[in-house]
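Working notes, structure below.
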Amino acid sequence: FQMAVSTALQYAPLCLPIILAGEEGVGKETFAQCIHQAGDRADCLFIAREGALLTKEDLLSAHQGTLYIREGGRLSLPMQELLTEILKNGSIVLENGSRTTLNIRFIIGSQSSLADALLPRLYYLLNALILPLP
51 FQMAVSTALQ YAPLCLPIIL AGEEGVGKET FAQCIHQAGD RADCLFIARE GALLTKEDLL
111 SAHQGTLYIR EGGRLSLPMQ ELLTEILKNG SIVLENGSRT TLNIRFIIGS QSSLADALLP
171 RLYYLLNALI LPLP
């Protein structure tokens with residue numbers, strides 16, 4: 051547990067996505083909040099959403115802050131495409147056709163491997179830092 055806390059604090063100042071891997075009830079969301087509070091975005095919003103229920107509005111609301119996605123393997127295909135676009139380009143296209151920049155720290159929680167659940171290009175972009183929780 052101490053190793054996981056130490057690693058989380060090392061990851062906090064980095065701007066890279068983090069995958070929190072662990073069984074249900076190990077405190078993935080608590081770790082995500084701690085990473086957010088220990089990082090440069092502590093003064094910005096921390097938003098936690100279920101992967102299956104994530105919306106474009108959630109992404110727009112999380113601009114400059116941290117978005118924790120519970121059960122990232124349950125993201126819909128259109129949402130996976132949208133997250134890929136944000137991670138690659140730092141922006142998304144709005145309903146009116148204009149493009150807006152988004153700066154979001156993504157933390158993804160999962161009980162199982164995301165390699166088989168996500169589009170390969172999204173998994174590649176998210177797979178920067180993995181923190182297994184005991």
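Position 132 of the sequence shown, counting from 1, maps to 182 under the working numbering, and the rest follow consecutively.
C-beta: ideal position from N, C-alpha, C; glycine also.
Nearest-angstrom Cβ-Cβ length linking residue 175 and residue 134, presumed shorter than 8 Å: On the sequence shown, residue 175 is found 125 positions in, with the first residue counted as 1. On the sequence shown, residue 134 is found 84 positions in, with the first residue counted as 1. The pair is a contact, with the Cβ atoms about 6 Å apart (cut-off 8 Å).
Compare the C-beta of residue 106 against all C-beta atoms of chain C and say whether one is closer than 9 Å. Looking at the structure shown, chain C is missing, and only one protein chain is on hand.
Give me the residue from 74, 136 and 167 with the minimum Cα distance to residue 108. Residue mapping note: residue 108 aligns to position 58 of the sequence shown, counting from 1. Out of 74, 136 and 167, 136 has the C-alpha closest to the C-alpha of residue 108.
Would you kindly work out how many angstroms separate the C-alpha atoms of residue 171 and residue 93, rounded to a whole number? In the sequence shown, counting from the first residue as 1, residue 171 sits at position 121. In the sequence shown, counting from the first residue as 1, residue 93 sits at position 43. Whole-angstrom Cα-Cα distance: 31 Å.
Buried/exposed call for residue 60, threshold 16 Cβ in 10 Å: Along the sequence shown, read from residue 1 onward, the residue named residue 60 stands at position 10. Counting other Cβ atoms within 10 Å of its Cβ, residue 60 stays below 16 and is therefore classed as exposed.
Should the region 122-131 be regarded as contacting the region 73-92, the criterion being three or more beta carbon pairs within less than 8 Å? Because the criterion of three Cβ pairs below 8 Å is not met, the region 122-131 and the region 73-92 do not touch.
Hey, out of 140, 54, 63 and 177, whose CA is closest to residue 87's CA? Locating residue 87 in the sequence shown gives position 37, counting from the first residue. Between residue 87 and the set 140, 54, 63 and 177, the nearest pair of CA atoms involves 63.
Smallest Cα separation from residue 58: which of 85, 118, 120 and 105? On the sequence shown, position 8 is the one that residue 58 refers to. Distance from the Cα of residue 58 is smallest, within the candidate group 85, 118, 120 and 105, for 85.
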